[in-house]
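*Asks:* Quick note on my numbering: the sequence shown kicks off at 55 and runs consecutively.
Heads up, the beta-carbon is just placed ideally off N, CA and C, and yes, glycines get one too.
This is the structure I have questions about; it appears just below.
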Amino acid sequence: GTDFYVKQGEMRYTRTLVLPASRGRILDRQGIVLATSVPAPSVWAIPKDFEADVAQRKALSGLLGMSLQELKERTAGEGEFAWLRRQVDDAVWNEVKALGIKGVHRHGEYKRRYPEGEAAAHVVGFTDVEEAGQEGIELAFQKELQGKPGSRGVVRDRLGRIVEDTGARLEPVNGRDVTLSIDSKVQFFAWQRVRDAVAQHGAKAGSVVVLDAKSGEVLALANYPSFNPNQRQNLSGAQLRNRALTDIFEPGSTMKPFIAAWALESGRVTPQTPIQTAPGTITITGSTIKDAHPHGVLSVAEVIQKSSNVGTVKLAMQMTPREMWELYAGVGFGQKPQLDFPGAVTGKLRPYKTWRPIEQATMSYGYGVSASLFQLARAYTVFARDGELIPVSMLKRQEPVAGLRVVSAKTAREVREMLRMAAGPGGTAQKAQTIGYSVGGKTGTARKQEGKSYTSNKYRAWFVGLAPVSDPRIVVAVMVDEPSKGVFYGGDVAAPVFSEVVQQTLRMMGVPTDIEVKPQIVFQPGAAEVESF
């Protein structure tokens with residue numbers, strides 16, 4: 055065929071045009087769009103054919119947002135192809151087209167839009183100009199989302215006009231949609247609450263993780279500061295960091311319930327077993343461990359409720375280092391979460407053979423081991439799921455999942471009751487209380503480490519818990535980094551965020567309330583003391 059065209063005395067050439075595939079959408083569990091591709095024409099030129107007068111050049115450079123000099127450089131020379139501007143709006147292309155400049159062409163492309171903006175940015179991530187995933191779900195599911203471009207062979211004349219379709223056409227295969235486990239309403243609310251807490255406490259950053267305690271689905275993963283994925287110029291690492299997954303810290307008191315659980319599970323104690331914590335200190339190989347307040351004799355349940363370091367250490371030192379290590383590893387510490395998502399870290403759990411007695415002691419109340427907020431939230435599914443650790447997922451799950459048994463259902467329920475006490479009157483986190491729903495959980499506050507030593511004025515405050523206590527539906531973990539306005543305890547900074555997120559999420563899920571909404575006093579016949587809820 056080509057000879058025929060050459061004989062016609064005109065320079066014609068065959069070209070293959072790429073037909074872009076539309077990238078799949080990212081949807082939340084309800085089908086709400088978190089990322090979608092909209093057509094965005096790109097403007098290109100054939101420099102050797104480019105002809106425009108001064109007025110046309112001025113108008114074109116104005117429409118494409120470039121200087122006359124830049125336009126001149128791009129259209130100089132004898133080349134066959136030069137991008138002028140990628141991904142403009144249809145309206146802009148129509149104005150460019152109306153200028154009628156020779157050698158200027160349109161190429162159909164798509165541009166990513168993120169309707170949920172900042173609130174879901176760390177979950178969804180974003181693509182580059184070629185629509186390749188760079189962060190988040192866009193990166194994790196690049197293969198499924200991207201599809202396959204098609205092509206068609208055409209013959210053009212010297213002016214770039216298509217003379218004949220050669221008919222060789224390969225249809226593009228559009229990418230697949232990905233449906234996440236995330237609920238965008240829960241996500242948005244969690245993001246708003248953590249943003250407000252960071253502002254209120256003059257903090258550096260904050261994170262919230264909400265897990266479905268039945269299915270292991272991640273309902274929300276929110277970080278502040280965030281970024282607007284629709285405008286990605288000049289992003290800083292601080293904005294991009296998915297702190298709930300990447301930042302590790304020593305979990306402190308949130309580890310104590312695991313020690314209590316194993317002490318119960320191994321038959322060493324019951325919730326009522328008395329533990330002598332007087333005089334509020336204990337010395338192990340020359341190092342002294344203190345309680346914040348001395349307590350005297352406490353039951354195992356009260357050791358957790360009052361968050362006694364001394365009581366916890368006494369439970370832990372009955373165990374072998376290996377037992378404790380297996381318990382911690384069994385709930386996912388020191389292991390990378392199996393999650394279809396970039397950036398999740400391993401945390402630190404040293405091999406038990408190297409533990410000195412003082413290290414075993416401090417690890418029982420969460421020092422000398424480190425984890426991410428996400429790992430902590432997942433570990434607490436053991437208490438929520440009656441003793442099973444459940445696999446987590448960023449994708450919507452259709453079927454219930456099998457967990458890995460760590461402790462018996464009886465032990466898990468006994469610890470849940472301790473967590474309820476810890477978040478109630480006489481506990482360390484009364485601000486975790488939620489109207490209408492019973493909650494259980496544990497605060498943490500830690501001085502931050504800088505280099506080898508702990509700072510005296512920088513703290514991290516967090517809270518991890520579950521609700522409702524009798525039949526947990528969600529696990530929620532909250533972390534606020536470096537509150538600077540004088541209030542820094544997890545019970546004051548993180549617990550209120552937990553309370554609001556729990557209440558809102560359970561309501562959205564339609565979970566019936568399980569405690570009287572009005573604060574009320576119950577008189578039990580014959581009971582001497584008055585119980586107040």
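Taking its Cβ as the centre, do 16 or more other Cβ atoms sit within 10 Å of Pro363, making it buried, or is it exposed?
*Replies:* If you number the sequence shown from 1, residue 363 lands on position 309. Residue identity check: residue 363 is Asn in the sequence provided, not Pro. Its Cβ being crowded by 16 or more others within 10 Å, Asn363 is buried.
*Asks:* Tell me, please, whether the segment 315 to 325 touches the segment 544 to 557 by the rule of three or more beta-carbon pairs shorter than 8 Å.
*Replies:* The segment 315 to 325 is not in contact with the segment 544 to 557.
*Asks:* Grab the span of the beta strand (DSSP E) containing Tyr406 for me, first residue to last.
*Replies:* What you label residue 406 is simply residue 352 of the sequence shown in a count that begins at 1. First-last for Tyr406: undefined, no H or E at that position.
*Asks:* Could you have a look at Met563 and say whether DSSP puts it in helix, strand or coil?
*Replies:* Sequence index remark: in the sequence shown, residue 563 carries index 509 (1-based). Here Met563 sits in coil by DSSP.
*Asks:* Going by C-alpha distance, which of Phe428, Arg295 and Leu560 is nearest Gly386?
*Replies:* In the sequence shown, the residue the question calls residue 386 occupies position 332. Taking only the C-alpha atoms, the option nearest Gly386 is Phe428.
*Asks:* Which same chain residues, not among the five before or five after Leu153, have their C-beta less than 7 Å away from its C-beta?
*Replies:* In the sequence shown, counting from the first residue as 1, residue 153 sits at position 99. The answer, listed in chain order, is Gln110, Ala113 and Leu114.
*Asks:* Below 6 Å CB to CB, which residues in the same chain sit around Arg295 once its five sequence neighbours on both sides are set aside?
*Replies:* As a working mapping, residue 295 is identified with position 241 in the sequence shown. Nothing listed; no residue qualifies.
*Asks:* Can you have a look at His176 and say buried or exposed, based on whether 16 or more other CB atoms are within 10 angstroms of its CB?
*Replies:* The residue you call residue 176 lines up with position 122 of the sequence shown. So His176 ends up on the buried side.
*Asks:* I need the DSSP call for Phe58, collapsed to helix, strand or coil.
*Replies:* Position 4 of the sequence shown, counted from the start, is the residue given in the question as residue 58. Any reading at Phe58 needs caution, since the residue's pLDDT is 44, under 50, leaving its predicted position unreliable; the model's value is listed next. In the structure shown, Phe58 sits in a helix (DSSP, three-state: H, G or I).
*Asks:* Below 6 Å CB to CB, which residues in the same chain sit around Ala531 once its five sequence neighbours on both sides are set aside?
*Replies:* Position 477 of the sequence shown, counted from the start, is the residue given in the question as residue 531. So the qualifying residues of the chain are Val263, Leu427, Leu430, Ala431 and Val518.
*Asks:* Spatial neighbours of Ile80 within its chain, please: C-beta separation below 6 Å, excluding the five flanking residues on both sides.
*Replies:* Within the sequence shown, the letter at position 26 stands for residue 80. So the qualifying residues of the chain are Leu88, Ala89, Val178, Ile191 and Val232.
*Asks:* Which whole-angstrom value describes the C-beta separation of Trp98 and Trp147, a residue pair presumed to lie in contact below a C-beta threshold of 8 Å?
*Replies:* The count along the sequence shown starts at 1 and reaches residue 98 at position 44. The count along the sequence shown starts at 1 and reaches residue 147 at position 93. Incorrect: roughly 11 Å between the Cβ atoms, too far for contact.
*Asks:* So, helix, strand or coil for Met371, using DSSP?
*Replies:* Along the sequence shown, one-based indexing puts residue 371 at 317. In the structure shown, Met371 sits in coil (DSSP, three-state: anything other than H, G, I, E or B).
*Asks:* Mind checking who Lys450 pairs with in its DSSP beta bridge?
*Replies:* Here residue 450 corresponds to residue number 396 of the sequence shown, with the count starting at 1. Bridge partners of Lys450: none, in fact.
*Asks:* Which whole-angstrom value describes the C-beta separation of Ser280 and Glu172, a residue pair presumed to lie in contact below a C-beta threshold of 8 Å?
*Replies:* One-based indexing of the sequence shown puts residue 280 at position 226. One-based indexing of the sequence shown puts residue 172 at position 118. With a Cβ gap of about 4 Å, Ser280 and Glu172 count as contacting.
*Asks:* Should the segment 342 to 353 be regarded as contacting the segment 326 to 334, the criterion being three or more beta carbon pairs within less than 8 Å?
*Replies:* The segment 342 to 353 vs the segment 326 to 334: in contact.
*Asks:* On the CB-based measure, 16 or more other CB atoms within 10 Å of its CB, does Ile100 come out buried or exposed?
*Replies:* Start at 1 with the first residue of the sequence shown, and residue 100 comes out as number 46. Its Cβ being crowded by 16 or more others within 10 Å, Ile100 is buried.
*Asks:* Beta-carbon of Gly544 versus every beta-carbon of chain D: anything under 9 Å?
*Replies:* As a matter of chain content, chain D is missing from the structure shown, which is built from one protein chain.
*Asks:* I'd like the list of long-range same chain contacts for Glu583, defined as Cβ closer than 8 Å, with 5 residues on each side in sequence excluded.
*Replies:* Locating residue 583 in the sequence shown gives position 529, where the first residue counts as 1. Unreliable placement is indicated for Glu583, whose pLDDT of 33 sits below 50; the coordinate value is still reported in the next sentence. Result list for Glu583: empty, nothing under 8 Å.
*Asks:* Quickly, what does DSSP pair Lys496 with across the bridge? List them, please.
*Replies:* Along the sequence shown, one-based indexing puts residue 496 at 442. Lys496 pairs with Val518.
*Asks:* Once DSSP output is grouped into helix, strand and coil, what is the label at Glu192?
*Replies:* By one-based count along the sequence shown, residue 192 stands at place 138. DSSP places Glu192 in helix when its eight states are reduced to three.
*Asks:* Please work out which residues of its chain come closer than 8 Å, Cβ to Cβ, to Pro310, disregarding the five sequence neighbours upstream and downstream, and give them in chain order.
*Replies:* Stepping through the sequence shown from its first residue, residue 310 is reached at position 256. Residue 310 is actually Lys in this sequence, not Pro. So the list reads Val357, Ile358, Ser361, Thr366, Ser418, Tyr419, Gly420 and Lys496, once near-sequence residues are dropped.
*Asks:* Could you tell me the boundaries of the alpha helix (DSSP H) in which Ile358 lies?
*Replies:* One-based indexing of the sequence shown puts residue 358 at position 304. Where Ile358 is concerned, the enclosing alpha helix (DSSP H) stretches over Val354 to Lys360.
*Asks:* Can you tell me whether DSSP reads Ala186 as helix, strand or coil?
*Replies:* What you label residue 186 is simply residue 132 of the sequence shown in a count that begins at 1. Three-state result, Ala186: coil.
*Asks:* Using 10 angstroms around the beta-carbon of Gln123, count the other beta-carbons present and answer buried if the total reaches 16, otherwise exposed.
*Replies:* On the sequence shown, residue 123 is found 69 positions in, with the first residue counted as 1. Gln123 is exposed by the Cβ-count criterion.
*Asks:* Taking the alpha helix (DSSP H) that Ser238 belongs to, which residues open and close that run?
*Replies:* Within the sequence shown, residue 238 is the residue found at index 184, counting from 1. Here the alpha helix (DSSP H) through Ser238 covers Ser238 to Gln254.
*Asks:* Would you give the residue range spanned by the alpha helix (DSSP H) that Arg128 belongs to?
*Replies:* The count along the sequence shown starts at 1 and reaches residue 128 at position 74. First-last of the alpha helix (DSSP H) with Arg128: Leu122 to Thr129.
*Asks:* Any contact of the segment 284 to 295 with the segment 399 to 413, i.e. 3+ C-beta pairs under 8 Å?
*Replies:* No, they do not touch.
*Asks:* How close, in whole Å, do the beta carbons of Arg474 and Gly494 come, if the pair is a contact with beta carbons under 8 Å?
*Replies:* The residue labelled residue 474 in the question sits at position 420 within the sequence shown. The residue labelled residue 494 in the question sits at position 440 within the sequence shown. With 8 Å as the limit, Arg474 and Gly494 qualify as a contact, their Cβ atoms being about 4 Å apart.
*Asks:* Residues bridged to Trp137 by DSSP?
*Replies:* Walking along the sequence shown from the start, residue 137 turns up at place 83. Trp98, per the DSSP bridge assignment.
*Asks:* Tell me Met533's beta-bridge partners as DSSP assigns them.
*Replies:* Taking the first residue of the sequence shown as 1, we reach residue 533 at position 479. Answer by DSSP bridge pairing, in chain order: Ser261 and Trp516.
*Asks:* May I ask you to report which of helix, strand or coil DSSP gives Asp107?
*Replies:* Start at 1 with the first residue of the sequence shown, and residue 107 comes out as number 53. The answer is coil: DSSP assigns Asp107 none of H, G, I, E or B.
*Asks:* Is the CB-CB distance between Val461 and Gly441 below 9 Å?
*Replies:* Residue mapping note: residue 461 aligns to position 407 of the sequence shown, counting from 1. Residue mapping note: residue 441 aligns to position 387 of the sequence shown, counting from 1. Contact: yes.
*Asks:* Should Arg432 be counted as a contact of the ligand GTP given a C-beta to heavy atom distance under 8 Å?
*Replies:* Absence of the ligand GTP is noted for the structure shown, with no ligands found whatsoever.
*Asks:* Is it buried or exposed, His255, if we count other Cβ atoms within 10 angstroms and call 16 or more buried?
*Replies:* As a first step, residue 255 is located in the sequence shown; it is residue number 201 there, counting from the start. Answer is buried; the Cβ neighbour count reaches 16.
*Asks:* Identify every residue that forms a DSSP beta bridge with Tyr164.
*Replies:* Along the sequence shown, read from residue 1 onward, the residue named residue 164 stands at position 110. Per DSSP, Pro93.
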